[in-house]
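A.B. asks: Following this message is one structure expressed as structure tokens.
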Amino acid sequence: MTKLFEQARLLKPAAPATMLRAVWPLFAVIALAVVLQAVLKPWLETVSGGDFYAKVLLDIGINIILAVSLTIVNGFTGQFSIGHAAFMAVGGYTAAGIVYYGSMYFYGDAAPHAGALSTMIQDHHSGAIFTRGDGLYVISLIAGGIVAAICGLVVGLPSLRLRGDYLAIVTLGFGEILRVLIQQSADVSYDAAEIRAAPIVGLGQLFSQPRAEWQAPLWARLGGPLGFSGLPFYTSLFWVFIIVGITLLVAFRLKNSTFGRAFLSIREDETASEAMGVNTTRYKVWAFVIAAFFAGVAGALFAHTTGVQLSAQELGFQKSFDIIIMVVLGGMGSISGAAIAAAVVTILPELLRDPTRLVGWQPQIIGITLLAAAIAAVLRYKGRSAAFLWSIAFGGAGLCVLTWLGYGIVKLADATGHPLDIKLGDYRMIIFALSLILMMILRPQGLLGVREVWDKALWAKRAKQGGKP
Amino acid sequence: MDAVAVGSLYALIALGYTMVYGILKFINFAHSDIFVLGAWISFAAASATGWAAASNHPIGPAPWVWWVVILLSAAAVIATGVEFASASRAGRKFDIRYTRSAGVLTLMSVWAWAAIAMLFGAKVAHDHEGLHLLSGGLILLCAMLTCGLVSFTLERVAYKPLRKAPRLNVLITAIGVSLLLQNAGQLEHMFGTRPTRMPALLPDRVLASIGGGGAANTPSVEVHLVDVIGAGTALVLMLALDWLVFRTKMGRAMRAVSYNEKVAALMGIPVDRIISFTFVLGAMLAAAAGFLYAMKYPGLNQSAAPVWVLLGLKAFVAAVVGGIGNVRGAMLGGLLIGLIEFFGAKYLSTDFRDVYVFGLLIVVLLVRPSGILGKAVADKV
Chain F
458 MTKLFEQARL LKPAAPATML RAVWPLFAVI ALAVVLQAVL KPWLETVSGG
508 DFYAKVLLDI GINIILAVSL TIVNGFTGQF SIGHAAFMAV GGYTAAGIVY
558 YGSMYFYGDA APHAGALSTM IQDHHSGAIF TRGDGLYVIS LIAGGIVAAI
608 CGLVVGLPSL RLRGDYLAIV TLGFGEILRV LIQQSADVSY DAAEIRAAPI
658 VGLGQLFSQP RAEWQAPLWA RLGGPLGFSG LPFYTSLFWV FIIVGITLLV
708 AFRLKNSTFG RAFLSIREDE TASEAMGVNT TRYKVWAFVI AAFFAGVAGA
758 LFAHTTGVQL SAQELGFQKS FDIIIMVVLG GMGSISGAAI AAAVVTILPE
808 LLRDPTRLVG WQPQIIGITL LAAAIAAVLR YKGRSAAFLW SIAFGGAGLC
858 VLTWLGYGIV KLADATGHPL DIKLGDYRMI IFALSLILMM ILRPQGLLGV
908 REVWDKALWA KRAKQGGKP
Chain P
4 MDAVAVGSLY ALIALGYTMV YGILKFINFA HSDIFVLGAW ISFAAASATG
54 WAAASNHPIG PAPWVWWVVI LLSAAAVIAT GVEFASASRA GRKFDIRYTR
104 SAGVLTLMSV WAWAAIAMLF GAKVAHDHEG LHLLSGGLIL LCAMLTCGLV
154 SFTLERVAYK PLRKAPRLNV LITAIGVSLL LQNAGQLEHM FGTRPTRMPA
204 LLPDRVLASI GGGGAANTPS VEVHLVDVIG AGTALVLMLA LDWLVFRTKM
254 GRAMRAVSYN EKVAALMGIP VDRIISFTFV LGAMLAAAAG FLYAMKYPGL
304 NQSAAPVWVL LGLKAFVAAV VGGIGNVRGA MLGGLLIGLI EFFGAKYLST
354 DFRDVYVFGL LIVVLLVRPS GILGKAVADK V
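Respectively, the protein sequence lines represent chains F and P. Numbering-wise, the first sequence is residues 458 to 926 according to the working numbering. Numbering-wise, the second sequence is residues 4 to 384 according to the working numbering.
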């Protein structure tokens, strides 16, 4: 008996080995983020002569966090939430309040006091690596996530008893209510002295003072319908990609854990998994809370990005739809798929915004198309399937053809002396919508289906013709 | 009175949501855009018939509309010819109803010509003094026909290939269609991005003032003629729909498909045709709602404005509150939402009017998840 015990203990790896295995991806993520911030960002700036590319990369990162967190609810658990942007708004506003008013408290103004890790714009560099402003920012990220998670719990507990479409509608309703509430908040105060005098919680004055003397407490001064403006910009490639890494790690670990398997069982058949003893409501609420946490952090990152005016209107259901589009395009339940789709969905409208830029990007697009087609062709030759590569190649080729067709028509019109008065930028959302519909018809399971890029089953041998799939 | 007028419009839009959900079990997010399209088409039709005073639109439909309609008709003629030739070569009797494309294309082109005929009728009626109300009615019919046609096309092109796909995919497609309609509406060739003012096609005056004055100096409730006409039209349409769904053969087929699609197909019901019919019916009601809404609130926003989406969402909430999939429930829900929104705005606070609507939704869903008139459906294992 003792021998069996000994053997069992031998099977369990020692603590240092476990620690190392658990921790090294985290360090890899941090190293990667440092490289991005210290090497890639300056390089991108020299290449493009501005911070446009870095900004797009930043947006990609934030969208990856959102898409992967929504994958936990929509993809793993199979629940359908269309109020994800509301959690983003909660996190964003919480963090914005903390950073803005905290910064007013410490420095007396709301300009960024960033160290090297969190600068996007060169002239805000103050020399240090990590400043007090950065500390405030990190705290605000975590606080944004936690407040959003609490909101997720509050929304999830009553509504996750519902199923399917009804759940979707309730999440939508909560999101809209939240938007209206935020829009009714008081204006932001720009006066440091007034902010220091204002109550932080301010519930006491409701009882102690007459109504005319009530002051809006700080937590209720969030900018109202016009949005929260004047926020310091702290979000940099470093912070975004650290969070991206953590989100991905959590999602992967979750997918392969007992917890995650409970999620997956709910997705496959809720009634059956309940019969097998899975407490479905509990796991659904957990999935909801985890997803809300990361959405909140993403909102906090989003709030402190350059060129962003934090407003509740912008984080309405249309933003939620954007996130769902990413999840579905990537394939429901595929983390890597969601991340790839988030990148594509972020880049595509930017590319289509300016057709001349699209023409300039031809070599890259053609390159990616040919590469995908070549790999897919080789795999096809070896008798393996790579349908998602084909769809990438197909999309790239479509983009090329469209570009050259449009370019040709415009040139032809110029040549015949009737220049077309068409701004191609106007059509970008139409092209985007059309490609969405086409994708759903031609490849309904999304880019990767439920697989990950490195899943062997994705590259498995093709089924024999005529065989059952 | 506002509450009843707007509530009946919500009910009209909600009917489209609920019918489509009843049959296909998916939320047609593009439905609110059909509503917007209805409002804008009635504007375009009104300016094309010379209603709008300072209109930069030429009289008559835009040139590209002619091209589309003519090409459609040509395609219909060619398809009919091809089908007829192949039928006679194979020795079959030619019946246009059982052709693959000719029937659909012919239907569409006849439909489009009918819409244009309505437009010219409206123009003639506009030029004669006493016939203005008739002109308004014809513009309404024109908008309804056009929206029906658009919805028919969308259903055939975007939704039909996805009949067997997971519901989420259909939903994403609906969002895609919605994006498409919103952004296509913003193009300069369509309606542009500037908000415009709808001309008053219906006569408006205060019919009666109820209450008011007195010690508390409360404002009186004014009954406007336009509200009465709007609510009346909506009511007539709803009664007609109720008759159609519960008293005719078509309605029985619709209910059968909604109850069980496979069995309905086995019973010889042409399921695809019924689904298309449902979409067209919903779109026509939404277009009517768009027209009436534009009569009541003449400021027309651009087609992607958040105001429109919110209106559509509220109509959807009405459908859910009444019990989604239930036609009479949608009517009830629409009126209820209208009443709650306007009474809340009047007596509590205007700022939170959206909160009342969505709050009602959440309360109803938590207390009675299948809606007021809906039936609870148990999961089968």
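Note that the Cβ used here is the ideal one computed from N, Cα and C, for glycine as well.
1) Can you grab the Cα-Cα spacing for the pair Leu862 (chain F) / Ile823 (chain F), in whole Å?
2) Which residue's Cα is closest to the Cα of Ser119 (chain P): P:Arg170, P:Ser45, P:Ala79, P:Ser89?
3) For Leu927 (chain F), which residues from the same chain have a beta carbon less than 6 Å from its beta carbon, with the 5 sequence-adjacent residues on both sides left out?
4) Could you check which residue in F:Ala833, F:Val867, F:Ala795 has the C-alpha nearest to that of Ala905 (chain F)?
5) Excluding sequence positions up to five away, which residues of its chain have a Cβ less than 8 Å from the Cβ of Ile804 (chain F)?
6) When you compare the segment 750 to 766 of chain F with the segment 538 to 547 of chain F, are there three or more beta-carbon pairs, one atom per stretch, that lie closer than 8 Å?
7) Can you check whether the CB of Ala553 (chain F) is closer than 8 Å to the CB of Leu688 (chain F)?
8) Any heavy atom of the ligand PLP closer than 7 Å to the beta-carbon of Thr52 (chain P)?
9) Run the CB neighbour count on Asn736 (chain F), radius 10 Å, all protein chains shown included, and call it buried at 16 or more, exposed below.
10) In whole angstroms, what separates the C-alpha of Gly374 (chain P) from that of Gly362 (chain P)?
11) So, with DSSP's three-state summary, where would you put Thr199 (chain P)?
12) What's the C-alpha gap between Ser91 (chain P) and Ser730 (chain F)?
13) With a cut-off of 8 Å on the beta carbons, I'd call Met783 (chain F) and Ala798 (chain F) a contact; round off their distance for me.
14) With H, G and I counted as helix, E and B as strand and the rest as coil, what does DSSP make of Arg166 (chain P)?
15) Please name the residue in P:Gly337, P:Tyr24, P:Asn186 whose C-alpha comes closest to that of Ala237 (chain P).
16) Figure out for me which residue from P:Ala117, P:Val274, P:Pro202 has the closest Cα to the Cα of Lys265 (chain P).
17) How would you call Ser89 (chain P), buried or exposed, if buried means at least 16 neighbouring beta carbons within 10 angstroms?
18) Using the beta-carbon of each residue, which ones in chain P are nearer than 8 Å to Phe889 (chain F)?
19) Using a 10 Å radius around the Cβ and a threshold of 16 neighbouring Cβ atoms, would you call Pro202 (chain P) buried or exposed?
20) How about Val324 (chain P) and Leu295 (chain P): do their beta carbons lie closer than 8 Å?
21) Quick one: Cα of Tyr550 (chain F) to Cα of Met111 (chain P), how far?
22) Between Ile277 (chain P) and Met257 (chain P), is the Cβ-Cβ spacing less than 8 Å?
23) Going by beta carbon distance, what residues of the same chain come within less than 6 Å of Leu635 (chain F), once the five residues before and after it are set aside?
24) Under the three-state reduction of DSSP, which class applies to Gly302 (chain P): helix, strand or coil?
25) Measure from the alpha carbon of Tyr13 (chain P) to the alpha carbon of each residue in P:Ala289, P:Ile327, P:Val366, then state which is nearest.
26) Confirm, please, whether the CB-CB distance from Ile340 (chain P) to Gly10 (chain P) is below 8 Å.
27) How many angstroms separate the CA atom of Val785 (chain F) from the CA atom of Val802 (chain F)?
28) When burial is assigned at 16 or more other CB atoms within 10 Å of the CB, is Tyr558 (chain F) buried or exposed?
29) Ignore the nearest five residues each way along the sequence and tell me which others in Tyr773 (chain F)'s own chain have a CB closer than 6 Å to its CB.
30) Where do the ends of the alpha helix (DSSP H) carrying Asn436 (chain F) lie?
31) Grab me the residues of Lys776 (chain F)'s own chain with a C-beta within less than 6 Å of its C-beta, minus the 5 sequence neighbours each way, in chain order.
32) For a quick check, are the C-beta atoms of Ala78 (chain P) and Leu157 (chain P) less than 8 Å apart?
33) Measuring straight from C-alpha to C-alpha, what distance separates Ala267 (chain P) and Ala47 (chain P)?
34) Which residue wins for smallest C-alpha separation from Leu846 (chain F), given the options F:Leu461, F:Ile832, F:Val858?
35) Provide the residue(s) that pair with Arg331 (chain P) in DSSP beta bridges, ordered along the chain.
36) Does the segment 168 to 177 of chain P come close enough to the segment 890 to 899 of chain F that 3 or more CB-CB pairs lie under 8 Å?
C.D. replies: By the coordinates alone:
1) 15 Å
2) Checking the sequence, you will find Ile at residue 119 (chain P) rather than Ser. If we check each option's Cα against that of Ile119 (chain P), P:Ser45 comes out closest.
3) Because chain F is modelled from 458 through 926, residue 927 (chain F) falls outside the range shown and cannot be assessed.
4) It is worth fixing the name first, because residue 905 (chain F) is Leu in this sequence and not Ala. Selected option, being the one with the closest Cα: F:Ala795.
5) Val513, Ile517
6) Contact holds: three or more Cβ-Cβ distances are below 8 Å.
7) Going by beta carbons, Leu688 (chain F) and Ala553 (chain F) fall inside the 8 Å limit.
8) In the structure shown, the ligand PLP is absent, as is every other ligand, since no ligand is present at all.
9) exposed
10) 14 Å
11) strand
12) Distance between the alpha carbons of Ser91 (chain P) and Ser730 (chain F) is about 58 Å.
13) 5 Å
14) coil
15) P:Gly337
16) P:Val274
17) It is exposed - the Cβ of Ser89 (chain P) has fewer than 16 other Cβ atoms within 10 Å.
18) Residues of chain P with a Cβ closer than 8 Å to the Cβ of Phe889 (chain F) are, in chain order, Leu182.
19) buried
20) no
21) 50 Å
22) yes
23) Ala543
24) strand
25) The candidate whose alpha carbon is nearest that of Tyr13 (chain P) is P:Ala289.
26) yes
27) Near 11 Å, if we compare the C-alpha coordinates of Val802 (chain F) and Val785 (chain F).
28) buried
29) It is worth fixing the name first, because residue 773 (chain F) is Gly in this sequence and not Tyr. Closer than 6 Å at the Cβ level, and outside the excluded window around Gly773 (chain F), lie Arg636.
30) Nothing about residue 436 (chain F) can be reported from this structure: the residues present for chain F run from 458 to 926 only.
31) Ala542
32) Note that the C-beta distance between Ala78 (chain P) and Leu157 (chain P) is not below 8 Å.
33) 40 Å
34) F:Ile832
35) Bridge partners of Arg331 (chain P): none, in fact.
36) The segment 890 to 899 of chain F makes contact with the segment 168 to 177 of chain P: 3 or more CB pairs, one atom from each, lie closer than 8 Å.
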